[in-house]
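Asks: By full-length UniProt numbering, the letter at position 16 of the sequence shown is numbered 16, and the numbering carries on one by one without gaps. Note that the Cβ used here is the ideal one computed from N, Cα and C, for glycine as well. Structure provided below as structure tokens; questions to follow.
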Amino acid sequence: MSRIGKQPVAIPSGVEVKLEGNLLKFKKGNLAKELDTKANVNVEIKEGQIFFSPKGEDRQSRAYWGTYRALAQNIIIGLTDGFSKTLEINGVGYKAALKGKVLELALGFSHPINYAIPEGIEITVDKNNVIIKGSDKQVVGQVAAQIREFRPPEPYKGKGVKYSDERIIRKAGKTSKK
Numbered sequence: 001m002s003r004i005g006k007q008p009v010a011i012p013s014g015v016e017v018k019l020e021g022n023l024l025k026f027k028k029g030n031l032a033k034e035l036d037t038k039a040n041v042n043v044e045i046k047e048g049q050i051f052f053s054p055k056g057e058d059r060q061s062r063a064y065w066g067t068y069r070a071l072a073q074n075i076i077i078g079l080t081d082g083f084s085k086t087l088e089i090n091g092v093g094y095k096a097a098l099k100g101k102v103l104e105l106a107l108g109f110s111h112p113i114n115y116a117i118p119e120g121i122e123i124t125v126d127k128n129n130v131i132i133k134g135s136d137k138q139v140v141g142q143v144a145a146q147i148r149e150f151r152p153p154e155p156y157k158g159k160g161v162k163y164s165d166e167r168i169i170r171k172a173g174k175t176s177k178k
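Here's what the structure looks like:
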């Protein structure tokens with residue numbers, strides 16, 4: 001049985017949640033998100049909380065039970081606090097700069113890399129840190145992964161783009177024969 005799915009999702013003040021058929025609609029101010037629960041999960045809203053339960057005892061319904069509860073929780077956190085990821089740029093001459101809605105990265109290639117910032121994402125650059133913020137956890141993580149992919153950290157000197165909490169396992173360089 002799902003341990004995640006059993007826990008109700010608390011609805012904070014300022015966030016409106018409506019259930020229309022299989023569609024859960026979340027709204028706070030001008031931000032709105034939707035979650036389609038298909039036909040695998042029962043959803044109830046009562047006493048300021050959202051309760052999820054599987055429709056049947058089949059494997060598919062139980063799998064979706066915890067998934068939809070986690071997605072609903074992430075939408076509420078995104079609407080209230082938002083999500084952020086921090087990337088560190090390490091290397092001589094490696095730098096990042098914002099130019100309007102474009103992130104310009106100099107990562108040791110013969111040309112700068114221009115990354116168009118998607119809608120709903122806010123990026124700030126502070127020295128060698130790139131901070132990505134947004135209300136959708138999946139999009140924030142995807143943008144961070146795409147930026148990291150331009151120059152992943154290498155194991156010998158640690159140069160490249162890495163997550164701030166990522167630990168690079170370093171390798172020893174060549175040794176002389178004696």
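1. Sort S176, N42 and R151 by Cα distance to L24 and report the nearest one.
2. Report all residues from its chain with a CB closer than 7 Å to the CB of L19; omit the five preceding and five following residues, and keep chain order.
3. Identify the continuous beta strand (DSSP E) that holds T124 and give its terminal residues.
4. Where V140 and F26 are concerned, what is the direct C-alpha to C-alpha distance, given to the nearest angstrom?
5. Given that a residue counts as buried once 16 or more other Cβ atoms are within 10 Å of its Cβ, and exposed if not, what is P54?
6. Suppose you measure from the CA of A145 to the CA of V92; what does that come to, to the nearest Å?
7. Could you check whether V161 and L87 sit closer than 8 Å to each other, using their CB atoms as the reference points?
8. Which class does V43 belong to by DSSP, given the choice of helix, strand or coil?
9. Taking the Cβ atom as the reference point for each residue, do I76 and V15 lie within a distance shorter than 8 Å?
10. What runs of the beta strand (DSSP E), each 3 residues or longer, lie entirely inside the stretch 55–93?
11. Tell me which residue opens and which closes the beta strand (DSSP E) that V161 is part of.
12. DSSP beta-bridge partners for E20?
13. Could you pull the start and end residues of the alpha helix (DSSP H) that K6 belongs to?
14. What's the gap between the Cα of A10 and the Cα of I121?
15. Taking residue 180 as the reference, give the member of D36, I117 and I168 with the closest Cα.
16. Using only CA atoms, which one of P152, S176, K174 and K178 lies nearest to I168?
17. Rounded C-beta distance between residue 197 and K85? I'm assuming under 8 Å.
Replies: Taking the geometry as given:
1. By 1-based counting over the sequence shown, the position of residue 24 is 24. Nearest to L24 by alpha-carbon distance, out of S176, N42 and R151, is N42.
2. Here residue 19 corresponds to residue number 19 of the sequence shown, with the count starting at 1. The residues V43 and I45, in chain order, have a CB closer than 7 Å to that of L19 in the same chain once the five nearest residues on each side in sequence are set aside.
3. Within the sequence shown, residue 124 is the residue found at index 124, counting from 1. Segment I121 to D126, the beta strand (DSSP E) holding T124.
4. What you label residue 140 is simply residue 140 of the sequence shown in a count that begins at 1. What you label residue 26 is simply residue 26 of the sequence shown in a count that begins at 1. Distance between the alpha carbons of V140 and F26: 19 Å.
5. For the purposes of this step, residue 54 is identified with residue 54 of the sequence shown, where counting begins at 1. So P54 counts as buried.
6. Start at 1 with the first residue of the sequence shown, and residue 145 comes out as number 145. Start at 1 with the first residue of the sequence shown, and residue 92 comes out as number 92. Going by the C-alpha atoms only, they are around 22 Å apart.
7. Stepping through the sequence shown from its first residue, residue 87 is reached at position 87. Stepping through the sequence shown from its first residue, residue 161 is reached at position 161. For L87 and V161, yes; Cβs fall inside 8 Å.
8. Start at 1 with the first residue of the sequence shown, and residue 43 comes out as number 43. In this structure, V43 counts as strand in the three-state DSSP scheme.
9. Working through the sequence shown from its first residue, we reach residue 76 at position 76. Working through the sequence shown from its first residue, we reach residue 15 at position 15. Contact: yes.
10. Counting whole runs of 3 or more residues, the stretch 55–93 contains the beta strand (DSSP E) stretches 83–90.
11. Translated into the one-based positions of the sequence shown, residue 161 becomes position 161. Taken as a continuous stretch (DSSP letters only), the beta strand (DSSP E) holding V161 covers G160 to Y163.
12. Along the sequence shown, one-based indexing puts residue 20 at 20. In DSSP, E20 forms a bridge with L23.
13. Counting from one through the sequence shown, the residue named residue 6 turns up at place 6. R3 to K6 is the extent of the alpha helix (DSSP H) around K6.
14. Here residue 10 refers to the residue found at position 10 of the sequence shown. Here residue 121 refers to the residue found at position 121 of the sequence shown. If you draw a straight line from the Cα of A10 to the Cα of I121, it is about 25 Å long.
15. With the chain represented from 1 up to 178, any question about residue 180 goes unanswered, as that position is not in the structure.
16. The residue labelled residue 168 in the question sits at position 168 within the sequence shown. Cα-wise, what sits closest to I168 is P152.
17. This structure gives no information on residue 197, because the portion of the chain shown stretches from 1 to 178.
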